[in-house]
Each structure stands twice: as C-alpha cells, then as structure tokens.
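J.: Counting in this note's numbering, the sequence shown runs from 1 upward without gaps.
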Amino acid sequence: MASRFAVALRKQLVSHRLSYSSRYFGSASEPSKIVEGLKAEDVASDPVMQAYFEANFPNKKANDNVDAQTGNDEEEDASPWTLEKMEKEKPITKELEDLNIRTLFGYKRSLQWEEGSEQCRRLRNQKQMIPGILYGSDPNLGIRSVDESSKILVKSPWHLLKRELNRYNRYIMNRVYDLTVYEDQDDEEGCVHRVIPSDFKWHPVKQQLYCANYLRYFPGRPIKIPIVYVNEEESRAMKAGGFIAPVARVVECNIEEGVPIPEHIELECTGLRLKDVVRMDRLIFPEGVKPSPRIKNPDMFLIGTVFGRRTLVGDDRNDAAESAEATEK
C-alpha cells in the first residue's frame with residue numbers, strides 16, 4: 001500500500017522537485033497535502049518514503065513523522081525565531097533622541113535559501129519576517145551604490161514594522177532610523193546603518209506589507225518631509241470652512257549634520273483668501289533645514305489652492321471695499 005503511494009509521489013514531483021520542496025516546506029507531518037490519501041502512519045512505516053521526505057525536505061527534522069503520530073503540536077519554527085531571541089532592538093540613546101532618530105533591527109537573508117517568491121512567502125507566513133533590500137551609498141561607511149556589494153538582502157520582524165506603522169502611518173517613509181543588521185540570531189553586535197524606509201510594497205487586495213526596503217541616509221541626502229497647516233484660524237476663508245486642495249503634501253529637504261530631523265514643515269495660513277495659490281514662501285523651515293537643490297524653481301513650487309463656499313467670495317470683496325474706503329477717508 002505504502003509502496004504504491006511512493007511510486008505516485010515520485011511521478012508527481014519528478015519534474016517539480018525544487019518548487020514543491022519550497023512550497024510544501026514542513027509538509028512531512030501532513031503528507032496528504034502532497035498526495036491525497038497518504039497518511040503520516042504510512043510514511044513512518046515505509047523506509048523508502050522516509051528517505052524520500054528526508055531528501056526533498058532537508059530543512060525538517062527526521063522526527064517530524066513521530067511528532068505527528070504522538071500529537072506533538074509544537075510550532076514548526078519556534079526554536080530559532082522565538083520573539084525572545086528576536087528582541088535585539090538597541091535602545092534609543094540621548095544623541096539619537098536629540099536627532100529625532102528611532103531604531104530598528106533585522107537579519108541578513110540567505111541568498112541560497114531565502115531568495116525568491118516562494119522563500120519570501122515562507123518568511124512572511126511562517127516566520128513573520130518581511131523581506132527587503134538595503135541599498136544606496138553612505139560616505140560615512142565608505143559604501144558606494146555602484147558596488148554590487150552595497151545591496152544587502154535583509155528581513156525585518158513584522159511586529160516592529162507594525163509598531164512604527166501604527167505610530168506614523170504612511171509617513172514612516174519620511175523618517176530616519178538606525179537599522180542594526182545581524183548576520184543571524186546568534187550575532188550580538190550587528191552592523192548599524194542609518195536608513196530611510198523606502199519603497200514599501202503592499203498587497204493590492206489584502207493590504208498587507210510584503211516588502212520593506214531601506215535606503216541608506218547621510219547628512220545632505222534629500223529627504224521628503226510632510227507639510228502641516230498652522231494658524232488656520234487666522235485665515236477668514238479657512239475658518240469659515242475653506243480648505244487647501246493639496247498638490248504637494250511633502251517637500252524635499254536637505255538637513256545639515258547635527259540638526260534634528262523635523263517631524264514636519266509648517267505652512268503659515270494667516271491671511272489666506274479664497275482662490276489664493278499657496279507656494280513655498282509660506283513654508284517655515286527650521287534652522288539647518290533647506291529646500292533640496294533638486295527643486296529647480298523654489299518660488300514656483302506649488303503646494304495647493306484655497307477653495308471653499310462661494311459666500312466667502314462676497315465677504316472677501318466686502319472686506320477689500322471697506323479697506324479701500326477707509327484708505328480714501
């Protein structure tokens with residue numbers, strides 16, 4: 001009986017050994033996922049079947065079949081990637097706090113076993129790790145982006161990224177982090193890279209994060225900072241229900257070394273009227289923060305236009321007429 005299943009198994013997987021090996025990683029305890037009707041008892045009683053599973057699923061221990069029979073329900077990847085061993089996040093020092101920089105950590109991915117769609121799916125589903133790439137140049141570490149070695153395959157714990165996403169939402173990609181990359185779970189030192197989260201990829205239907213990339217950051221590299229509106233109550237149009245239809249929600253800035261990374265750039269709304277075009281001259285840049293040179297014409301940088309109810313147009317005209325009459329008198 002078991003031999004018949006072994007023959008069927010060989011025929012079914014002979015041309016798809018590699019893809020099935022990754023897709024059904026951990027299926028030795030549930031062989032029915034591969035061949036319908038095949039039970040763990042049949043595999044345990046047939047040396048040929050045991051040898052086949054050991055050859056095609058080398059990442060699993062030989063006693064998986066015994067655990068399945070005895071009812072051992074331990075997690076498949078509990079030992080090497082428990083949260084206790086993953087808690088390697090370095091504390092935020094006073095220096096980092098003054099610069100408004102937070103910390104993250106991750107691990108290097110194996111180019112042989114953790115590269116490709118199937119392996120990355122296993123990282124997300126079984127180990128709760130989000131795959132990605134660390135790239136870009138960093139003069140402080142002597143890294144140049146033209147070198148192939150500058151690109152490092154990394155994986156980040158989902159629970160840390162979720163914490164930062166809950167805190168900053170989409171603006172996580174407008175912040176700077178110190179990312180500690182460990183070789184493996186036994187590495188205690190790691191290598192620290194100052195990075196900007198970049199090119200986060202989301203599932204189009206499930207809206208789940210499935211790729212987290214990082215761009216190396218150094219003082220002078222442009223970074224996009226969110227724009228927030230202040231003193232809206234000082235604008236009669238906005239106080240009465242007007243609003244700014246945004247064209248740009250962020251502004252690209254260069255930040256000098258030693259200057260804190262701003263959470264946002266303030267836009268002064270005092271005196272705004274309907275149909276006013278809002279440009280960069282209303283932005284308040286902190287000391288040491290300047291618009292990026294890549295903005296070719298800063299004076300014409302469009303942020304948005306003020307819109308609102310039509311009744312406000314009459315109010316503004318009346319105000320203008322009254323001020324003109326007062327001037328004539």
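Note that CB positions come from ideal geometry on N, CA and C, so glycine has one too.
#1: Out of Gly106, Ile143, Gly220, which has the shortest C-alpha to C-alpha gap to Glu188?
#2: So within the region 206–273, which uninterrupted beta strand (DSSP E) runs reach at least 3 residues, ignoring any that extend past its ends?
#3: Of the choices Gly242, Gln128, Ile295, Tyr217, whose alpha-carbon is the least far from that of Val250?
#4: Relative to the C-alpha of Cys211, which residue among Ser198, Pro222, Ile223, Tyr217 is closest?
#5: Just reading off the alpha helix (DSSP H) that Trp158 is part of, what are its end residues?
#6: Buried or exposed: where does Met300 fall if 16 or more other Cβ atoms within 10 Å of its Cβ makes it buried?
#7: Hey, out of Gln128, Arg309, Ala55, whose CA is closest to Met238's CA?
#8: What is the DSSP secondary structure of Lys90, counted as helix, strand or coil?
#9: Between the region 86–95 and the region 116–123, do three or more beta carbon pairs fall short of 8 Å?
#10: Look at Gly136 and Val154 and say whether their C-beta atoms are less than 9 Å apart.
#11: CA-CA distance, Trp113 and Gln119?
#12: What does a CB cutoff of less than 6 Å around Tyr182 pick up in its chain, not counting 5 residues either side in sequence?
#13: Taking only the alpha-carbon atoms, compute the straight-line gap between Gly26 and Arg163 and give it to the nearest angstrom.
#14: Quick one: what does DSSP say Arg309 is sitting in, helix, strand or coil?
#15: In terms of DSSP beta bridges, what is Asp138 paired with?
#16: Excluding the five sequence neighbours on either side, which residues of its own chain have a C-beta within less than 7 Å of the C-beta of Pro219, listed in chain order?
#17: Given Val14, which residues of its chain have a CB within under 8 Å of its CB, disregarding the five upstream and five downstream residues?
#18: Whose C-beta lies closer than 6 Å to the C-beta of Val192 among residues of the same chain, with five residues either side of it excluded?
#19: Spatial neighbours of Tyr229 within its chain, please: CB distance less than 6 Å, with the 5 preceding and 5 following residues excluded, ordered by chain position.
#20: List the endpoints of the continuous beta strand (DSSP E) containing Arg194.
#21: Quick check: the Cα distance between Leu104 and Val195, rounded to an integer number of angstroms?
#22: Sorted by chain position, which residues of the same chain lie with C-beta nearer than 7 Å to Asp184's C-beta, five sequence neighbours on each side aside?
#23: Would you check if the distance between the CB atom of His264 and the CB atom of Pro226 is smaller than 9 Å?
#24: For Arg279, which residues does DSSP report across the bridge?
#25: Relative to the C-alpha of Glu95, which candidate in Pro260, Glu234, Ala245, Leu283 has its C-alpha closest?
#26: In whole angstroms, what separates the C-alpha of Leu274 from that of Phe243?
#27: By alpha-carbon positions, which one of Cys253, Leu272, Phe307, Gly271 ends up nearest to Gly288?
#28: State the Cα-Cα distance for the pair Ile172 and Asn56, rounded to the nearest angstrom.
#29: Name, in chain order, the residues that DSSP records as bridge partners for Asp187.
#30: Quick one, which of Gly241, Phe285, Val247, Ala248 has its alpha-carbon nearest Leu272's?
#31: Reducing DSSP to helix, strand and coil, say where Leu123 ends up.
T.: Reading off the structure:
#1: Taking the sequence shown and counting its residues from 1, the one referred to as residue 188 is at position 188. Among Gly106, Ile143, Gly220, the Cα nearest to that of Glu188 belongs to Gly106.
#2: 209–216, 223–230, 243–246, 250–255, 265–268
#3: In the sequence shown, residue 250 corresponds to position 250, counting from 1. It is Ile295 whose Cα lies nearest to the Cα of Val250.
#4: Taking the first residue of the sequence shown as position 1, residue 211 is located at position 211. When each option's Cα is compared against that of Cys211, the closest is Ser198.
#5: Position 158 of the sequence shown, counted from the start, is the residue given in the question as residue 158. That run of the alpha helix (DSSP H) goes 158–168.
#6: Numbered from 1 along the sequence shown, position 300 holds the residue referred to as residue 300. By the 10 Å Cβ count, Met300 comes out exposed.
#7: Within the sequence shown, residue 238 is the residue found at index 238, counting from 1. Out of Gln128, Arg309, Ala55, Arg309 has the C-alpha closest to the C-alpha of Met238.
#8: Taking the first residue of the sequence shown as 1, we reach residue 90 at position 90. Coil, per DSSP.
#9: no
#10: What you label residue 136 is simply residue 136 of the sequence shown in a count that begins at 1. What you label residue 154 is simply residue 154 of the sequence shown in a count that begins at 1. In this structure, Val154 does not lie closer than 9 Å to Gly136 by Cβ.
#11: As a first step, residue 113 must be located in the sequence shown, where it is residue number 113. As a first step, residue 119 must be located in the sequence shown, where it is residue number 119. Distance between the alpha carbons of Trp113 and Gln119 is about 7 Å.
#12: The count along the sequence shown starts at 1 and reaches residue 182 at position 182. Hits under 6 Å: Tyr107, Gly190.
#13: Here the question's residue 26 lines up with position 26 in the sequence shown. Here the question's residue 163 lines up with position 163 in the sequence shown. Caution applies to Gly26, whose pLDDT of 45 falls short of 50 and renders its modelled position unreliable; the value that the coordinates give is listed next. Going by the C-alpha atoms only, they are around 29 Å apart.
#14: Counted from its first residue, the sequence shown places residue 309 at position 309. It is coil, neither helix nor strand.
#15: Counted from its first residue, the sequence shown places residue 138 at position 138. DSSP lists Ile143 as partners of Asp138.
#16: If you number the sequence shown from 1, residue 219 lands on position 219. So the qualifying residues of the chain are Ile255, Glu256, Glu257.
#17: Here residue 14 corresponds to residue number 14 of the sequence shown, with the count starting at 1. In this predicted model, Val14 has a pLDDT of only 46, less than 50, meaning its place in the structure is not dependable; the value taken from the coordinates is given anyway. Around Val14: no qualifying Cβ.
#18: Numbered from 1 along the sequence shown, position 192 holds the residue referred to as residue 192. Same-chain partners within the cutoff: Asp178, Thr180.
#19: Locating residue 229 in the sequence shown gives position 229, counting from the first residue. These residues qualify, in order along the chain: Leu267, Cys269.
#20: Counting from one through the sequence shown, the residue named residue 194 turns up at place 194. It spans 191–202 - the beta strand (DSSP E) in which Arg194 sits, taken as one unbroken run.
#21: Along the sequence shown, one-based indexing puts residue 104 at 104. Along the sequence shown, one-based indexing puts residue 195 at 195. Whole-angstrom Cα-Cα distance: 10 Å.
#22: Counting from 1 along the sequence shown, the entry for residue 184 is found at position 184. Excluding residues within five positions, the ones whose Cβ falls inside 7 Å are Tyr107.
#23: Here residue 264 corresponds to residue number 264 of the sequence shown, with the count starting at 1. Here residue 226 corresponds to residue number 226 of the sequence shown, with the count starting at 1. Yes, the Cβ-Cβ distance between His264 and Pro226 is below 9 Å.
#24: On the sequence shown, residue 279 is found 279 positions in, with the first residue counted as 1. According to DSSP, Arg279 bridges with Leu302.
#25: Within the sequence shown, residue 95 is the residue found at index 95, counting from 1. The shortest C-alpha separation from Glu95 is found at Pro260.
#26: Reading the sequence shown from its first residue, position 274 is the one you call residue 274. Reading the sequence shown from its first residue, position 243 is the one you call residue 243. Cα-Cα distance, rounded: 9 Å.
#27: By 1-based counting over the sequence shown, the position of residue 288 is 288. The residue with the shortest Cα to Cα distance from Gly288 is Cys253.
#28: Position 172 of the sequence shown holds residue 172. Position 56 of the sequence shown holds residue 56. Computed Cα separation, rounded: 41 Å.
#29: If you number the sequence shown from 1, residue 187 lands on position 187. Asp187 pairs with nothing; no bridge assigned.
#30: In the sequence shown, residue 272 corresponds to position 272, counting from 1. Of the candidates Gly241, Phe285, Val247, Ala248, the one whose C-alpha sits nearest the C-alpha of Leu272 is Gly241.
#31: Within the sequence shown, residue 123 is the residue found at index 123, counting from 1. Reduced to three states, the DSSP call for Leu123 is helix.
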